[in-house]
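Taking the UniProt record's numbering, the leading residue of the sequence shown gets 1, the next gets one more, and so forth.
Built from N, CA and C at the ideal position, the CB exists for glycine as well.
In this text the structure is predicted, and so the values were computed from the model without any measurement.
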Amino acid sequence: MDFLVLFLFYLALVLIGGVMICICSKTHRLKGLVRGGAQIFSYIIPECLQRAMLRLLHYLFHTRNHTFIILHLTLQGMVYAEYTWEIFGYCRALELSLYSLSLPYLLLIVNLFFFTLSCVTDPGTITKANELLFLQVYEFDEVMFPKNMKCSTCGLRKPARSKHCSVCNRCVHRFDHHCVWVNNCIGAWNTRYFLIYLLTLTASAATVATVTTMFLVRLVMVSDLNLETYVDDLGHFQVIDTVFLVQVTDYSVPVPDLPKDCLHAGLCPDSEFPPGRLPVLCSVPGCHQPDH
1 MDFLVLFLFY
11 LALVLIGGVM
21 ICICSKTHRL
31 KGLVRGGAQI
41 FSYIIPECLQ
51 RAMLRLLHYL
61 FHTRNHTFII
71 LHLTLQGMVY
81 AEYTWEIFGY
91 CRALELSLYS
101 LSLPYLLLIV
111 NLFFFTLSCV
121 TDPGTITKAN
131 ELLFLQVYEF
141 DEVMFPKNMK
151 CSTCGLRKPA
161 RSKHCSVCNR
171 CVHRFDHHCV
181 WVNNCIGAWN
191 TRYFLIYLLT
201 LTASAATVAT
211 VTTMFLVRLV
221 MVSDLNLETY
231 VDDLGHFQVI
241 DTVFLVQVTD
251 YSVPVPDLPK
261 DCLHAGLCPD
271 SEFPPGRLPV
281 LCSVPGCHQP
291 DH
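Here is the structure:
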């Protein structure tokens with residue numbers, strides 16, 4: 001089956017799945033499906049394995065640990081290693097702008113800086129020392145935020161828009177959520193750092209994708225691939241069209257794979273290439289394999 005057909009089929013499944021989750025999340029259908037699926041798996045999977053899996057999930061998502069920080073930095077490092085090892089060298093051989101090639105590295109530095117700030121900055125922990133100060137920041141609406149409510153865990157009065165984080169075991173001023181990717185709560189004092197981190201992460205992914213697209217377009221122009229022909233399954237000569245060209249360049253050129261989602265940091269490179277991908281570039285006029 002053609003690559004584009006498979007890709008579009010995969011994309012359609014992802015979009016349909018996302019829409020169904022959004023629709024079902026407003027009803028009890030999703031909970032029912034999850035509960036039913038869990039019951040089915042409980043009869044199939046051994047009980048000891050279930051307990052081990054629950055302990056692992058509890059450790060990963062309900063305790064403070066550095067697992068996702070290490071995973072994020074590892075995946076991001078792999079993407080940039082792939083970009084440096086393959087794309088950057090060939091782009092320089094094709095005389096692409098050094099500024100555009102260096103932009104992903106600049107965004108990486110800024111991204112790591114704000115990622116670090118998101119990890120280490122106090123999100124706005126409420127203590128006995130600053131409790132009175134936080135109580136005066138926002139007015140109590142007596143609906144969602146009653147005036148004299150106390151945290152059942154911390155024993156402190158709860159300022160408006162504050163919430164107790166069960167993972168960090170602390171009350172946080174203007175609490176948004178606990179992010180496992182930065183191993184920290186996102187609150188009043190580090191929200192701005194977290195948003196800039198997300199923006200630079202998205203920008204770096206978009207920049208790498210743009211540079212890669214520029215590289216593929218320049219490669220097609222230099223090699224005159226759009227003027228070539230190929231033999232179809234019936235033995236007829238066909239002029240290379242855009243669909244065929246996209247499939248050929250995707251298969252024959254090492255390109256980092258950039259799925260998204262980000263949402264917080266999940267960049268994953270495609271580092272395994274079928275035999276014969278790299279020599280394709282060496283046959284392009286004016287292009288040579290860079291020294292590694």
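Where does residue i land, buried or exposed, given buried means 16+ other C-beta within 10 angstroms?
i: Q76; result: buried
i: E82; result: buried
i: I45; result: exposed
i: C91; result: buried
i: L201; result: buried
i: F114; result: buried
i: T210; result: exposed
i: C179; result: buried
i: E142; result: exposed
i: L57; result: exposed
i: E47; result: exposed
i: I126; result: buried
i: Y10; result: exposed
i: V5; result: exposed
i: T121; result: buried
i: F175; result: buried
i: L234; result: exposed
i: P259; result: Note that P259 has pLDDT 33, beneath the 50 cutoff, so the model's placement of it is unreliable and no number is given.
i: M79; result: First, the amino acid is wrong: residue 79 is Val here, not Met. Answer is buried; the Cβ neighbour count reaches 16.
i: F215; result: buried
i: L198; result: buried
Short check: CB of residue i to CB of residue j, under 7 Å?
i: S204; j: L107; result: yes
i: N190; j: P123; result: yes
i: Y138; j: R170; result: no
i: C168; j: C185; result: yes
i: P159; j: L195; result: no
i: H173; j: G187; result: yes
i: L103; j: T207; result: yes
i: I87; j: T212; result: yes
i: T229; j: V220; result: no
i: Y43; j: L117; result: no
Who are residue i's beta bridge partners in DSSP?
i: H72; result: Paired residues: none, contrary to the question.
i: V231; result: F237
i: C171; result: H164
i: R64; result: The partner list for R64 (beta bridge, DSSP) is empty, contrary to what the question assumes.
i: R157; result: K150
i: T125; result: V172
Span of the alpha helix (DSSP H) holding residue i?
i: C185; result: From DSSP, C185 is part of no alpha helix (DSSP H) but of the beta strand (DSSP E) over N184 to I186.
i: M149; result: Segment: none, M149 is in no alpha helix (DSSP H) and carries neither H nor E.
i: E131; result: E131 to L135
i: L94; result: Looking at the DSSP string, L94 is not in any alpha helix (DSSP H), and its letter there is neither H nor E.
i: Y197; result: T191 to S223
Since residue i and residue j are thought to touch, with beta carbons under 8 Å apart, how far apart are those beta carbons, to the nearest angstrom?
i: L96; j: V222; result: The Cβ separation is near 11 Å, so there is no contact.
i: E131; j: L156; result: 5 Å
i: H72; j: W181; result: 6 Å
i: C119; j: I69; result: 7 Å
Which two residues bound the contiguous beta strand (DSSP E) that contains residue i?
i: C179; result: H177 to C179
Quick check: does the Cβ of residue i come within less than 6 Å of any heavy atom belonging to the ligand MN?
i: V220; result: Annotation note on the ligand MN: not contained in the displayed structure, which lists no ligands.
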